[in-house]
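Peer 1: For reference, the structure I am asking about is given below.
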Amino acid sequence: MSRQEDPSPAAPTVRASEPGLRFPFFVALIASLMAVTPLGIDAMLPALPEIGRALNVDTENHQQWIIAIYVFGFGAAQLVYGPLSDSYGRKPLLVVGLVLFALMSILAGFAASFHLLLVARLLQGIAGATGRVLVVSVVRDCFAGRQMARVMSISFMIFLAVPILAPTLGQFILLFGNWRLIFFVLAGFAALVALVTALKLRETLHPEFRRPVAVRPIAQAVRRTLTNRNALGYTLALTCVFGALMGFINSIQQIFADVFRAPERFPLVFACIGLAMAAAAFTNARIVERLGTRRVSHTALIGMILLGGLHTLVAAAGMETIVTFTVLQSATMFCFGLLGSNFGSMAMEEVGEIAGTASSVQGFVSTCGGALLGLAVGQSFDGSTVPLALGFFVLGAMALLVVLATERGRLFRSHHIAA
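Right under this line is the structure:
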């Protein structure tokens, strides 16, 4: 299988790698690699109360650390995997990361204390980040132009589907065992993907394209990423809205258990909200080229703020029901779905020539910063949906202020990158 170049005359001519897999199996492997991280987060959600009881977690809000510490590990690891893969290749890091993910899942499954579980989850997040971080590099090694877009589109659809289905999978696993079985299933999945990667995937980075790990060029790229107004501004805005998402993930199980007293409905409502995000991703793909990233994302950000404010008023007035929560949260998440990818794209507009390092730095800042903000929202849970709704309103407003500062007070304008 050879790499297919975009017919545009501006497309670069780069020798492609052979992944060693037929196209459908290659796409399936890429999707499986991308699925590791969301499975590690969302499959846990139905089991949080049981884990808390089993490991004697006295404060219910402390259960949220099971999610947050994983995300911290995932975010921090993004700083190192890109440069290491450029030096040592994609396949070794993928296999090692998946094997370590499986081992840490087993350790978490056998954890006898909450602190040991958190250590295992931190290391699990660090290991699991290999799949998410290196997938784009593997695909870019093998494809370009429209065929690369095709592979990533199919894989991203599966990536979106996993969070929708993961809580239901976790709930299903609990029918056959306790919370430890979820970790053992994750270990088995990671081990299977590692085996297929080791046996079937060829190294996709050509030896002549390998670069030694050098501190000075990396430091210069990091400095440029953090001092570029556009890159830093939209990274911080993305951090705020990702914090709202993490607040939702941290709080959602407790909301259904303690507010609505209907934990059995949690997977279904979670899936509905996830479908709203998937619908937003589909809508964005169809309108963003015509309307532009700024017009779409700025409008969506304002929509998220207004919906967060409305939801806060409904919750504070004591009018919250499962129906109002599902409708308002789905609409809010639809707006969020129009933000994430566009903010990420705009953050990369002026740092394209250092895309690898810039992406790692931006991923680290937005993921770890968002995890901290989301933890603050989650730890504010008081037996109502007010903190969650208020979190979307406040963090959305913070993101808007950052965007206004980045764009010098002008929203919705087109942006032209200097040649």
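Residues are numbered in this note's numbering as their position in the sequence shown, beginning at 1, plus a constant of 25.
No residue lacks a Cβ here, since even glycine has one placed at the ideal position from N, Cα and C.
Take Ala133 and list the residues in its own chain whose beta-carbon comes closer than 7 Å to its own, dropping the five residues that flank it on each side.
Peer 2: Translated into positions along the sequence shown, residue 133 becomes position 108. Leu142, Ala145, Arg146, Gln149 and Phe208, listed in sequence order.
Peer 1: Would you kindly work out how many angstroms separate the C-alpha atoms of Leu80 and Ala93, rounded to a whole number?
Peer 2: Working through the sequence shown from its first residue, we reach residue 80 at position 55. Working through the sequence shown from its first residue, we reach residue 93 at position 68. If I take the Cα positions, the gap works out to 17 Å.
Peer 1: Should Ser384 be flagged as near chain D, meaning a C-beta pair shorter than 9 Å?
Peer 2: Judged by its chain identifiers, the structure shown contains no chain D, having just a single protein chain.
Peer 1: Comparing alpha-carbon positions, which option in Pro63, Arg311 and Arg435 lies nearest Ala215?
Peer 2: Residue numbering aside, residue 215 sits at position 190 when the sequence shown is read from its first letter. Among Pro63, Arg311 and Arg435, the Cα nearest to that of Ala215 belongs to Pro63.
Peer 1: Measure the alpha-carbon distance for Thr349 versus Cys297 and round it to whole angstroms.
Peer 2: For the purposes of this step, residue 349 is taken as the residue at position 324 of the sequence shown. For the purposes of this step, residue 297 is taken as the residue at position 272 of the sequence shown. So the alpha carbons of these two residues sit roughly 13 Å apart.
Peer 1: Cutting at 7 Å between CB atoms, please list the residues of its own chain near Val411, excluding the five before and the five after it.
Peer 2: In the sequence shown, the residue the question calls residue 411 occupies position 386. Hits under 7 Å: Thr337, Ala340 and Ala341.
Peer 1: Give the secondary structure of Phe437 by DSSP, where H, G and I count as helix, E and B as strand, and everything else as coil.
Peer 2: The residue you call residue 437 lines up with position 412 of the sequence shown. If DSSP states are grouped into helix, strand and coil, Phe437 belongs with coil.
Peer 1: As a quick exercise: from Val52, Phe267, Pro49 and Asp83, pick the residue whose alpha carbon is nearest that of Met423.
Peer 2: By one-based count along the sequence shown, residue 423 stands at place 398. Comparing Cα-Cα distances from Met423 to each of Val52, Phe267, Pro49 and Asp83, the minimum goes to Phe267.
Peer 1: Less than 9 Å between the C-beta atoms of Val160 and Leu326, yes or no?
Peer 2: Counting from 1 along the sequence shown, the entry for residue 160 is found at position 135. Counting from 1 along the sequence shown, the entry for residue 326 is found at position 301. No. Outside cutoff.
Peer 1: Gln354 lies in the alpha helix (DSSP H); which residues open and close that run?
Peer 2: Position 329 of the sequence shown holds residue 354. Start and end: Ile347 to Gly362.
Peer 1: Touching or not, the region 319 to 335 and the region 388 to 397, by the rule of three or more beta carbon pairs under 8 Å?
Peer 2: The answer is no - the region 388 to 397 does not touch the region 319 to 335, with fewer than three Cβ pairs under 8 Å.
Peer 1: Please list the terminal residues of the continuous alpha helix (DSSP H) segment that includes Arg315.
Peer 2: In the sequence shown, residue 315 corresponds to position 290, counting from 1. Unbroken alpha helix (DSSP H) run through Arg315: Phe291 to Leu316.
Peer 1: Label Asn275 either buried or exposed according to how many other C-beta atoms from any shown protein chain fall within 10 Å of its C-beta, with 16 as the threshold for buried.
Peer 2: The sequence position of residue 275 within the sequence shown is 250, counting from 1. Per the 10 Å Cβ criterion, buried.
Peer 1: Is the number of C-beta pairs between the region 194 to 206 and the region 66 to 76 that are closer than 8 Å three or more?
Peer 2: Taking 8 Å as the limit for Cβ pairs, the verdict is that the region 66 to 76 does touch the region 194 to 206.
Peer 1: Any idea what DSSP makes of Ser445, helix, strand or coil?
Peer 2: No answer is possible for residue 445: the residues shown for the chain start at 26 and end at 444.
Peer 1: Inspect the beta-carbon positions of Leu226 and Leu119 and report whether they are closer than 9 Å.
Peer 2: On the sequence shown, residue 226 is found 201 positions in, with the first residue counted as 1. On the sequence shown, residue 119 is found 94 positions in, with the first residue counted as 1. Yes; because the gap between Cβ atoms is below 9 Å, this pair is in contact.
Peer 1: Report the residue from Leu335, Gly362, Met344 and Gly343 whose alpha carbon sits nearest the alpha carbon of Leu353.
Peer 2: Against the sequence shown, residue 353 aligns to sequence position 328. Of the candidates Leu335, Gly362, Met344 and Gly343, the one whose C-alpha sits nearest the C-alpha of Leu353 is Leu335.
Peer 1: Using only the alpha-carbon positions, how far apart do Gly394 and Ala282 sit?
Peer 2: Counting from one through the sequence shown, the residue named residue 394 turns up at place 369. Counting from one through the sequence shown, the residue named residue 282 turns up at place 257. Cα-Cα distance, rounded: 27 Å.
Peer 1: Out of Phe307, Gln404 and Leu293, which one is the CA nearest neighbour of Phe191?
Peer 2: Numbered from its first residue, the sequence shown carries residue 191 at position 166. It is worth fixing the name first, because residue 191 is Ala in this sequence and not Phe. Of the candidates Phe307, Gln404 and Leu293, the one whose C-alpha sits nearest the C-alpha of Ala191 is Leu293.
Peer 1: Please state the DSSP three-state secondary structure of Ser409.
Peer 2: Within the sequence shown, residue 409 is the residue found at index 384, counting from 1. If DSSP states are grouped into helix, strand and coil, Ser409 belongs with coil.
Peer 1: Using a threshold of 9 Å, state whether the C-beta atoms of Phe139 and Ala396 are closer than that.
Peer 2: Looking up residue 139 in the sequence shown gives position 114. Looking up residue 396 in the sequence shown gives position 371. Not a contact, by the Cβ cut-off of 9 Å.
Peer 1: Out of Phe285, Cys265 and Asn367, which has the shortest C-alpha to C-alpha gap to Leu400?
Peer 2: Here the question's residue 400 lines up with position 375 in the sequence shown. Nearest C-alpha to Leu400: Cys265.
Peer 1: Quick one: grab the DSSP three-state call for Val376.
Peer 2: Indexing the sequence shown from 1 puts residue 376 at position 351. Val376 falls in the coil class under three-state DSSP.
Peer 1: Buried or exposed: which applies to Ile312, given that a residue is buried once 16 or more other Cβ atoms fall within 10 Å of its Cβ?
Peer 2: On the sequence shown, residue 312 is found 287 positions in, with the first residue counted as 1. With fewer than 16 other Cβ atoms within 10 Å, it is exposed.
Peer 1: Do three or more CB pairs link the region 77 to 91 to the region 248 to 263 at distances below 8 Å?
Peer 2: No, the region 77 to 91 does not touch the region 248 to 263.
Peer 1: Could you tell me the distance, in whole angstroms, from the CA atom of Phe368 to the CA atom of Gly156?
Peer 2: Along the sequence shown, one-based indexing puts residue 368 at 343. Along the sequence shown, one-based indexing puts residue 156 at 131. Near 22 Å, if we compare the C-alpha coordinates of Gly156 and Phe368.
Peer 1: May I ask you to report which of helix, strand or coil DSSP gives Met423?
Peer 2: Position 398 of the sequence shown, counted from the first residue, corresponds to residue 423. Met423: helix per DSSP, three-state reduction.
Peer 1: Determine, using beta carbons only, whether Ala246 and Glu374 come nearer to each other than 9 Å.
Peer 2: Numbered from 1 along the sequence shown, position 221 holds the residue referred to as residue 246. Numbered from 1 along the sequence shown, position 349 holds the residue referred to as residue 374. Not closer than 9 Å, so no.
Peer 1: Kindly indicate which three-state DSSP category Val428 falls into: helix, strand or coil?
Peer 2: Here residue 428 refers to the residue found at position 403 when the sequence shown is read from its first residue. Helix at Val428.
Peer 1: Quick one: Cα of Cys360 to Cα of Met302, how far?
Peer 2: Here the question's residue 360 lines up with position 335 in the sequence shown. Here the question's residue 302 lines up with position 277 in the sequence shown. C-alpha separation (whole angstroms): 8 Å.
Peer 1: Taking C-beta to C-beta, are Ala414 and Ile347 nearer than 9 Å?
Peer 2: Walking along the sequence shown from the start, residue 414 turns up at place 389. Walking along the sequence shown from the start, residue 347 turns up at place 322. It is not a contact, given that the beta carbons lie outside the stated cut-off.
Peer 1: Output the boundary residues of the alpha helix (DSSP H) element that contains Pro288.
Peer 2: Locating residue 288 in the sequence shown gives position 263, where the first residue counts as 1. Where Pro288 is concerned, there is no enclosing alpha helix (DSSP H), given that its DSSP letter is neither H nor E.
Peer 1: Buried or exposed: which applies to Asn309, given that a residue is buried once 16 or more other Cβ atoms fall within 10 Å of its Cβ?
Peer 2: Position 284 of the sequence shown holds residue 309. Flag for Asn309 reads buried.
Peer 1: Just the Cα atoms here: how many angstroms apart are Leu425 and Thr431?
Peer 2: Residue 425 sits at position 400 when you count from the first residue of the sequence shown. Residue 431 sits at position 406 when you count from the first residue of the sequence shown. Leu425 and Thr431: Cα-Cα distance of roughly 10 Å.
Peer 1: So, for Val210: in the same chain, excluding its five sequence neighbours on each side, which residues have a beta-carbon less than 7 Å away from its beta-carbon?
Peer 2: The residue labelled residue 210 in the question sits at position 185 within the sequence shown. Cβ within range, chain order: Ile198.
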